[in-house]
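Each residue of the sequence shown is one higher than the one before, counting from 3 in our numbering. We put the CB at the ideal spot given by N, CA and C, even for glycine.
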Amino acid sequence: MVSLTDEQLDILTELINVGIGQAAKMLNEMIEFRIRLQVPLLEVLSGVELQEILSQRLGIEPLSSVQLDFSGSFAGTAQLVFPTESAASLVSVLTGEEVESPDLDTLKIGTLTEVGNIVINGVMGSMSNMLDQPMHYAVPTYTEEDIEHLVPMREPENSVLLAQARFDVEELQLKGDIILFFKVGSFQDLLTVIENF
């Protein structure tokens with residue numbers, strides 16, 4: 003598994019934060035309340051370590067996830083994972099539906115796919131632009147599964163970049179976590195580009 007120097011981690015954190023900032027700006031244009039997004043935690047893990055950490059933080063319930071495959075100068079998969087309660091709260095804020103509303107489930111898939119698309123594209127787009135590396139994206143897909151299926155361990159040696167983004171809507175006293183992780187198959191290529199950044 004790849005290990006990062008402090009400088010590499012600082013640059014990656016900056017790239018992710020710029021992307022999260024772009025995503026927050028776009029989300030704020032969608033609703034009347036201001037959503038603050040910040041990334042208090044960024045770390046590189048193996049697939050096995052990621053499963054253990056997410057199980058401790060999020061429990062074993064099915065999680066809502068939006069996945070986006072990317073290719074280009076470096077390739078991999080980006081996933082935005084929402085704890086169930088956070089997902090419901092965020093959809094409620096974005097659609098105006100009450101959390102208990104029977105219509106919320108119907109709106110959830112489309113809304114979270116759009117949020118996932120905005121957040122992942124914000125992060126990957128800013129990385130692509132700032133590092134001057136072209137990237138191509140697949141169509142995002144939505145799924146609800148437990149952690150074992152979201153984070154398969156069949157490639158335990160793969161490096162995964164985990165960013166825990168916290169969203170905060172002050173007016174509604176709403177806080178939640180979004181787990182953003184990248185299964186970067188060509189992680190060394192990314193680090194080489196960062197070294198020249």
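What's the C-alpha gap between residue i and residue j?
| i | j | result |
| --- | --- | --- |
| Arg-156 | Glu-34 | Residue placement at Arg-156 is flagged as unreliable, the pLDDT there being 47, under the threshold of 50; the coordinate-derived value follows with that caveat. Computed Cα separation, rounded: 43 Å. |
| Leu-52 | Glu-45 | 10 Å |
| Ser-88 | Ala-77 | 29 Å |
| Phe-184 | Ile-18 | 11 Å |
| Gln-72 | Val-101 | The sequence given here places Phe at residue 72; Gln does not occur at that position. One C-alpha to the other measures close to 33 Å. |
| Asp-148 | Ser-66 | 9 Å |
| Tyr-139 | Thr-97 | 26 Å |
| Thr-115 | Leu-163 | 21 Å |
| Ser-188 | Pro-104 | 43 Å |
| Met-32 | Gly-112 | 14 Å |
| Ile-181 | Asp-191 | 23 Å |
| Glu-172 | Ala-26 | 14 Å |
| Gln-135 | Val-50 | 29 Å |
| Val-2 | Met-132 | Outside the shown range of the chain (3 to 199) lies residue 2, about which nothing can therefore be said. |
Do residue i and residue j have their C-beta atoms within less than 8 Å of each other?
| i | j | result |
| --- | --- | --- |
| Ile-106 | Ala-80 | Ile is not the amino acid found at residue 106; the sequence shown has Leu there. No, the Cβ-Cβ distance between Leu-106 and Ala-80 is not below 8 Å. |
| Val-41 | Gln-166 | yes |
| Gln-24 | Leu-193 | no |
| Ser-75 | Met-137 | yes |
| Gly-21 | Val-95 | no |
Report back the beta-carbon spacing between residue i and residue j to the nearest angstrom; my notes put them in contact at under 8 Å.
| i | j | result |
| --- | --- | --- |
| Leu-109 | Glu-99 | 6 Å |
| Pro-142 | Gly-118 | 5 Å |
| Phe-169 | Leu-39 | 5 Å |
Length-filtered (4 minimum) alpha helix (DSSP H) runs lying within the region 35 to 72: If we require 4 residues or more, the alpha helix (DSSP H) runs fully inside the region 35 to 72 come out as 49 to 60.
Any alpha helix (DSSP H) of 4 or more consecutive residues that is wholly inside the region 72 to 100: 86 to 97, all fully within the region 72 to 100.
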